[in-house]
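Residue numbering for the sequence shown follows UniProt numbering, beginning at 1 and increasing consecutively.
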Amino acid sequence: MGLFGSAPATLPPPKISSDGAPIAPDRTQRANITEKDKAEKFCSGEGRKFEANCASSWVTYFKKRRVMEHQKNETLEKLRAEGAKQVPGEMAPPGSFGQRP
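Structure, rendered in structure tokens:
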């Protein structure tokens, strides 16, 4: 029996590697899917497992991060297609944000 008299957890135990540590879920299949209809078709089961096994704040964080990375990559590809060139160096020196001269 679980906490507060709830039903026992029905999640399968994680797979164990040869050194005895749990094996992290494979994310390569999820990383290859960017289109919503394909994602719903191929990843709905993975998504349910992810949402069931992770805190809701992490689920939200990783979903938003995935969208942000996809949009960033699209923007960079668009800029490259327009002939933009990457400028070497950093945007600002390290530690310069929030400091007054």
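Positions of the beta carbon are idealized from the N, C-alpha and C atoms, including for glycine.
These numbers were taken from a predicted model, which means no experiment stands behind them.
Discussion item. Rounding to the nearest angstrom, what Cα-Cα distance links Lys41 and Gly47 in this structure?
Written reply: 11 Å
Practice prompt. Determine the direct distance from the alpha carbon of Ile16 to that of Gln86, and round the result to whole angstroms.
Written response: 44 Å
Worksheet item: Cα separation between Val59 and Gly20?
Response: 27 Å
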